[in-house]
Every structure is written in structure tokens, then in C-alpha cells.
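Notes follow once the structure below has been shown.
Right, here's the structure in full:
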């Protein structure tokens, strides 16, 4: 088993583009509609300018009829093409979004939690979410605009080149300068300030969290004003970086305006001698600067495209690296029949976490020779200082990691012989830091057992000493949890997790510091109520609270590596 | 209008920001005016060459003027961008200053728990949302009015008939504005909400993946994600379809006006009612006429986010809390009544004057007396009619379940809140009449969850006494059994801790807090015991440190385990905000009462 994730040095762009392949027609349609939209306004300005010029010298209105028809046509198509473009690109984006999320979830599901936890800490998960969002915009904001812009450039340059080839070349030059060189240069100029902004923003956030969460400590020690000074200094530093960014942005805006105007000016400067020399009819002169300047609409979104190209590549690189990690546990080719959970044993269990990269040194032993045996109806407590390997042991029992053959035995067979899902089905776990979904209390409980009745829920919550609390809520079991709902305290979360574990009809019950956040009185009540639920099961209690240890038949102490 | 008052209230916060914003808008106006000038020069040049047969040499001066207006426009664009940012910066800094000052005034009680995250968000991200609002949306809003009127006037001078066409489009413009302000607003907001909702849903799935796996439910979520994502796409498209139709109308209004102007001036040119140069100029100006409004529409989201943020900021600034007001009033009276505080010790046993220096009441040691104190927090009664005395030099333990009122007593003692009825007495002085800063100097408080601040270990211990020397800090750390683990950290006392620094275990944090208390060296010690979920080793070390710290001081102990309460001189048992029993622990155990029942229920956990 090699743990090292492949390192992606090559550009992830080709692989990213393969995601667009199933949506090829949508993408092409979006790009063409974008091109047609801008070309319509280029056409509108060109034909209008020609119409006015022609009108100044025409004697008969029939000489204008073609131009008039053109003006009417382009006035209508521009709006329609824009509508179509928006519709198609958004539709495509939503389809890509769904495909991307399903693909990613499917890829990451076998990796959880071992690889996820090993490579990433909790808040990095939030970054995965942000990375996927970045990629959702990859098509609309990165792929489509440059292609559309290139088509518009070709179209406008061909139009002008028909009068004189140098007019077309000059326009291509100015458009390339504004849409290519300028965004590239401003990215380079603002690179450091942009990085500083992100870092300063993070630091400001941390200083503020310190101030708000630590307000009691600060006021008690009369240090609130000192912390305020620190926060404000951080805020000022952030704004310094933002001003620097604004300077670069201002420069880019100014140069875009300048190049647009210069393109018009250059058209005149090149065309006037042609008119004087009789090689260009004067009636076309007004059309030239107006066409050139209208074409600049196509380079407007390119600055953002450059920026998003970088962030998309970074996001894709991170996601691909994660997705390409081999899973920590692979089911054996010949599966043993599903176990029922009557006995659980470890024999000299040793384990150390594999390094995340080949270059990293081998970790110390997280568990070094652990032996125990429990049968249904027995309760084993495992205690030891923090970092002694209790969490590791739980992860190993749940087959989140692979262990050496013959070190864990379930129902008399090596744990490695079973399908991981069959093993997990036997365990009801109350984790140290339970995760609750941002949905109702009921849905959170039903995850454990979709068939549970309301009576089952209430009974489980009563055992966990949380029923009174839920009943007192205005929406009861339908109360939403999380960001848009109710925020629970650590103790409430734990009690809900206990109720959830009780709802799962599993023969092995694992309680990992299940009452650590409860006050002593409530904790005592919970343990007492749990008594009947422990009968006949294999119970593993990971705790160092004497209250919890009192409920075990046997207590073993595991000593971790040096602290 | 609510919206206008909020913007003006926002800008009133910082005159400097208002000035910068005015200059930025001015620069934006010049940039717009130069665009109008450009249109005019181009028309003149084309007119001269096309109709009057002039050569390049003859129009070179005009080309020079065109170049000059290009350069002025570019400069103005640069100045507009930079000054807009400066205005935003000035406002943001002022607001952060005000908000943090207000936080300090509010004190820790309103900042607890779920509110903390929201407040941090308001001050960090909420204020940051004003960046785009001030730097981009507000100038665009002003320019939408100024430039639109300006271009209308220029067109009126060049060709009054075209003005009529533009004015004809005015109902269309008003419609556009109404749509931007009203319908489009709710659409953008709804779209934004749905978008963030979808992201949150997916993130929730990822974060809960282990849990789903534990319950064997992770595979089936693929379908859920597909279904919800597809459904979300469908509903969002329905919402967006309306938004697209709105922009179809706006887009069409702008192109239709351009086409109409082109046709209308052509006919009049042919009829000889108009000259070529003004005709071409008004054609060029027609798209520019719509530009400021389109810019405003593009920046609409920044505007909406800014307004929402402003609302949050003002609701925080307007947030008051009753006991804070009481306290602030008292403080104001204190400071005005007190010329200079006197740090020398007062005569022994002298009757206390009404307003006095804290050192007078605490050294010599005084008793602390709660006299029928009642306190409710946000309408929830937290403490009812509580009376008890902490004798000088004694050790008092508070016992009770979560929510029984233990922390309320501490909050009142630390003056994070004031009693709503009754009074707290320190010796012969009312606590509410003492200067809070001086009073807190007499208190060493070890909270249950001490905050470890971003910075070094040294900074963190020095929080208790910033001027303490290094040997003093080390002595305090040694007394708190913290020295050994600190020295084991990569850079010892200079190791960075906190959010971005080395992670400390619960026991280590607790020992740092004890070191702070040692360094504080105050006569009253308030200890929120947090050994409940520490491993045995840490618990023992902390126990030893607590014993040493308590020696020779008045101690108020919040006991979560009864072993600790057993060592106290006196135990006060609280239930739902009331004292149900108090006395020496041995006496309380001797008869059947709440304390004894508590002790039995804790000990009787074993089957």
C-alpha cells in the first residue's frame, strides 16, 4: 500500500477540459452566441456610422435602404443573442455543477475518513467546497470569454482589413494588448499585494476572534484596549495592501480606456491619408473608429478570466491530488460472510500512520502491541492519556485503516476478511466530536435508522437526557440545526449523538468520551439510563472519567508514545 | 427613505471618506466628460476629411486634441479607482474602530456562544463588504445621475430632436431603474441565497461523510446530491429566466435607441436639417448615455451586499444591553467624581465613603456579600434572590448543574453585568460604585475555557500583567506546572500559540491560565474548575497548582466535581438560580439534603 498522493506538476488544464466534453455542444453554442452578441453591436455601430455618412451625401432615400435594414436587424439581434447566450451558459453551468459534485463525491467517498483526515484538517474541507465552486465557473468565466473574444477579434479585424490590411493588423494589436498583455501584467504587478490581502484578512479574522471570544479574559485583565489596537493595526495593514491592489486596478482600467481610444485614433490616422489618396471612399471613414472601439467589448471579461484561470488551476490541482489518493482500505476479493458481532479481539495490535508523502519520515507507533478480547455482554473500558491511541483504535476497528493480518479478530475471523461495510454495520459509535447535519433534529436521528418511529426517537432521546430539551423547542424534533437554525452546545451535541447511536440496532456499542461535555449530574443520569442498552452487547468505553469507568467490567490502560 | 438615510448615516461616520468619495466621483465625472469630448473630436475629424477634403496634416491639431482628451480620461479613470478605494479604506477603518470600541462597552456577556461568530463576521467580512459598496457602487450611483444629465444637456445643444429620442427612452430608463431597485434586487438576492444554500448543502455532506459512513448511508447520498443539484438548477433557472427577460428589455432599449437615433438623424441629414458632425456625435453619445446606468446595474450586487452589511453593522452599533448601560452610567459617575485614584492603602477599618478606591476596600481583606441579588439574562431568570457571604481568606465552592447560576455569580463579581435587584457588597462598599478596572485588579480569574491569544506563550502569560519581567513570568509558569511543557515547545516561551500557532491541549491551556493567575497575584481568586475532561496526569498537575494558588487568598470555586468542593470551607448548592443549601461540606453530607443526594448520584453510577 503506497500512501503517497501523486504530485501533479503538469498543468491540470487538459484533464479539467475533459469535464467539458459531455457538454461540448452546450459550450460551443454558448461561445457562438457570445460572439454573435458582441458582433451585433460591432455591426450596429459600423452600419449606423455608414448610414449617417451615406445620408450626408445621398440624394435618394433608396440608396440607404440596405443600411437601414442592417441597423434594424442588428438592433434586434444583439438583445436576442444576449438572452440566448445567458440562457445556454447558465444551463450548461448547472449541468456541469451537478456532474462535478457527483463525480467528486463518488471519488472521495471511499477515501473517507482515513485519507481525508490524514491529508487535511477540518477547515480544509471548507476549501474543497470553495474549490468546487471555483471550477463551476471555469466554463463561463475562463473557457468561453477568450474564445468568444478571439472570434470577435477575427471578425472585426476582417471587416477593417477589407478596407486596408493595416487597419485590421492595428486593431488586432490593440485588442491583444488590452486583452492579453494588460491582464497578464496587472496580475504580475498585483501578485504580492493579492497574496498579502488574503494573509492580512486571515490575520484580522483571527485577531477579531481572539477579541470577541476572549473578551471576558481581556476585560478581566484590563487588556481589551490593547487587543483593539492590535485589531486596528491589522485592519490598517490589510487596507494598505488593498490600496496597492486598487492602484494596479486603476492602472489597468486607465490603460484599457487609453488603448480603446488609441485604437479609434489609429484607425483615423491610418485611414485619412488613404481617403486623401483616393484609395478609400470617405463615406467609410466614420465606420472605422466606431467599429474598432465597439470591438473592445470582447476584451472586458478577459482580466477576470486570467485571474480565474489561475485559481481554477490551483483548485483543480488540489482536488485531483485528493481524488487520486488510493483508498486506505480495499475489500478482499473473496469476502467472508457478514459477521454478527459476538466477539471482538486484538492480538498484539501495532499500527502507525503511513506518511502522506514519500519524503516524510515514518511516524511513531500510534499503537504498539495491544491485546484484548471481549464477547457479547461484556464491557471493556480503555483509558490512557490523550494521544495514547484511543481514536486510532476506534478507526482501526471500524476498518478505516488497514491493519497487519491477524491483529484484529471479529467473530473468530480476521477483520480483513470482511467487507468494510459489513464490519461498520455492527458498530454504533458515539464519537468524541459528533457531526450533526444542517437539517432537522429528526433527520439527524433518522440517519442511524431510517425506519425508526417517532416513539423510537423519543425513547432514545430520553435515554440520552435530551428529550426534555427538544420538547421545549418551538419546533420540537423538526427544529433545524446549524448555521440557519439552532446552534447546540457541546453537551447537547453529545447527547444527540448518544441518541443517534442508540437508534442503530448494532451489536457493538462504542462510547468515545461520550459525556465529556456534560456536567457531572447530567453525565451520571446518562450513564444510568444507558445501563439497559448495554446488556447483551459488546460495549467499548473510551474515557478517563471515573463515572464512566465505573460502568465497565474491565478497564485496560493504554500508554501512548512519548508525549 | 430608509435607504438614503442609511447611506448618509454610513458616510457620516467618516468625513475623510466622504471627501475622498466626492473627489472620486469628480474624477469619474471628468472621465465621462472626456468621453463626450472624444465623440465630438472624432466627429469633427471625420467631417473635415470626409466632407471637406482636408488632409492628415490639416487635421493633426484635432488629432492632438483627441489624444489629449484620451490621456486626461485615462488619468481620471486611475484617480477615480484609487480615490474610491481610499474612501472605502477610511470608512472601514473608522467603522472597525467604532465597532470594537462598542464591543468593549458591551462586555463579554452579549458576545458569548453563537453570537461570537456572527459578530466576528460583521466586523471582518461585513465591513469588508462595504469595500465594493463605497469604492464602486456609490460613485456609480452618483455618476448615473450626473453623467446621464450631462450627456442629455450636450445632446440638447448638438441636436434637440435627438434629445427627444433619448427622453422618449426615459420611461424605459425609469423602468430600468425600477427593475434594478425592486424586482431585480429580490431576484439577485434569491439567486445568491440559492447558490450559497447549494454550496452549504454539499459542504455539509463532505463534512459529515464519516458519520454517513458510520451509519452505512454514504453510498446512497450520490443520488441525493444528483437530485438536489438538478432540482436546484431547475428552480434557479426559473428564477433566472425572469432576470434574463428583464435584461433582454434593458439591452433592447439601449440598442433600439441607438438604431432609432441613427435612422432619425439620417433622414434629417438627407433633408439638410442637420450637419454631419453633430449627427455623428449624437450617434456616438447614445450608447454612452446608457453606460452609467449599465455600470450601476453591474455593480448592483456590490450595492445590495453593502446595504445588507451596513444594516448589520448599525444593528450591532445600536445593540445595547441593560446592565451595560447601568454599568456605563456608574462608570461615568465614577470617573467624573474621582479626581485621581489613590493607590496607597487606606486606614484600617475606616468607614467607607461612598466612592472610594478599590485598594481601600480590599487591602485589608474584606468580605464579599451577595445581598438578595436577582439577575435575569435576556428575560431568562439566572439568579433569584441570592444571599451569601465569602469571608476574607475563606474558600467557598459553588455546586450545581449547568444553568444553575454558578457562572452568573462569577459574571456579576467580575462586573460583566450588574444585579437587577439587590446588591453586592465588598466590605462596606457597594461593588457597583467601585471603579471596575481597579476592582478587577484585585481579582485573579481562571475561566473554564481560557482564551489563548494569537502570539507567543510569553505574551499570553503576560496578559495578566504586561509589564512583568521574564523571570517573573517563568516563576508564575513554574508555579502553575507549565514551565516544563513550555520548555518542550519548539521555541520555548517564544513559541507562537493560538489559532495559527502550536496547538495546546486542554490541560496545557488550563495551566497557562493558572500561570496568568499566579502572575496577577491578586487577593481574590475566582476559579472555574475545568479538570472534568482532562486525563489523570494533567488533572493532578492542575490540582497541585490550584492548591498553591489558593493558599493565603480568598477563593471562590466553581466545582464541577465534588472532590474539589470537599476541600472548601463552605459549599453553596444552587438549583435553577436559587441557593438550596449551604454549609461546611462535612455537615452537608451528614444529613439528607441536595448536596448529599448529589454526591450519592455521582458515586452511585456503578451498577
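Chains as they are written, first to last, in my numbering: chain A, 4 to 566; chain B, 268 to 874. Glycine included, C-beta positions come from ideal geometry on N, C-alpha and C. Just so it is clear, the structure is predicted and the values come from calculations on it, not from any experiment.
Pair within 9 Å by beta-carbon distance, residue 347 of chain B and residue 393 of chain B: no
Under 8 Å from the C-beta of residue 272 of chain A: neighbouring residues of chain B: 323 and 330
Where the alpha helix (DSSP H) through residue 578 of chain B begins and ends: 567-584
Distance CB(residue 543 of chain A)-CB(residue 385 of chain A) smaller than 9 Å: yes
C-beta neighbour in chain B for residue 23 of chain A, strict 9 Å: no
Inter-stretch contact (C-beta, 8 Å, three-pair minimum) for the region 525-545 of chain B and the region 353-361 of chain B: no
Local conformation of residue 22 of chain A per DSSP, three classes: coil
Euclidean distance between Cα positions of residue 420 of chain A and residue 348 of chain A: 14 Å
Neighbourhood of residue 501 of chain A by C-beta, 7 Å cutoff - its chain only, sequence neighbours within 5 removed: 433, 467, 517 and 529
Proximal residues to residue 710 of chain B (C-beta, below 7 Å), its chain only, five neighbours per side dropped: 681, 789, 791 and 793
Residues that residue 56 of chain A contacts on chain B, provided the C-beta gap is smaller than 7 Å: 317
Buried/exposed call for residue 609 of chain B, threshold 16 Cβ in 10 Å: Its pLDDT being 40, under 50, residue 609 of chain B is placed unreliably by the model, and the measurement read from it follows with that caveat. Classification of residue 609 of chain B: exposed, given that the 10 Å Cβ count is below 16.
7 Å Cβ shell around residue 311 of chain B - same chain, five flanking residues per side excluded: 329 and 544
Cα-Cα separation between residue 430 of chain A and residue 343 of chain A, rounded to whole angstroms: 10 Å
Under the three-state DSSP convention, the category residue 480 of chain A falls into: helix
Closer than 8 Å at the beta carbon, the chain B residues around residue 508 of chain A: Correct list: empty, because the minimum Cβ distance to chain B is about 11 Å.
Residue from A/316, A/206, A/100 and A/157 with nearest C-alpha to residue 501 of chain B: A/100
Selection from B/406, B/366 and B/299 that minimises the alpha carbon distance to residue 289 of chain B: B/406
Minimum C-alpha distance to residue 345 of chain B - residue among A/494, A/253, A/477 and A/315: A/253
Any non-hydrogen atom of the ligand HEM closer than 8 Å to residue 395 of chain A Cβ: With respect to small molecules bound, the structure shown includes none, and the ligand HEM cannot be examined in it.
Closer than 9 Å at the beta carbon, the chain B residues around residue 256 of chain A: 341, 344, 345, 347 and 348
Backbone CA spacing between residue 391 of chain B and residue 777 of chain B [nearest angstrom]: 29 Å
Beta-carbon proximity check, residue 510 of chain A vs residue 379 of chain A, cutoff 9 Å: yes
Short CB-CB distance (under 9 Å) between residue 253 of chain A and chain B: yes
Whole beta strand (DSSP E) elements within the region 799-870 of chain B, 3-residue minimum: 821-825, 837-842 and 845-850
Exposure of residue 178 of chain A, with buried meaning 16 or more beta-carbon neighbours within 10 Å: buried
Beta-carbon proximity check, residue 499 of chain A vs residue 452 of chain A, cutoff 9 Å: no
Residue 696 of chain B in three-state terms, based on DSSP: strand
Which listed residue (A/51, A/108 and A/220) has its alpha carbon closest to that of residue 678 of chain B: A/220
Sequence-distant residues of the same chain with beta carbon closer than 6 Å to residue 418 of chain A, five excluded per side: 411
Where residue 348 of chain B sits in the DSSP three-state scheme: helix
Secondary structure, alpha helix (DSSP H): runs of 4+ residues fully inside the region 218-250 of chain A: 218-223
Rounded C-alpha distance that separates residue 527 of chain A from residue 425 of chain A: 33 Å
Among A/279, A/280 and A/290, the one whose alpha carbon lies nearest that of residue 548 of chain B: A/290
Within chain A, partners of residue 471 of chain B - CB distance below 7 Å: 440 and 441
is_contact[residue 287 of chain B, chain A] using C-beta, thresh 9 Å: no
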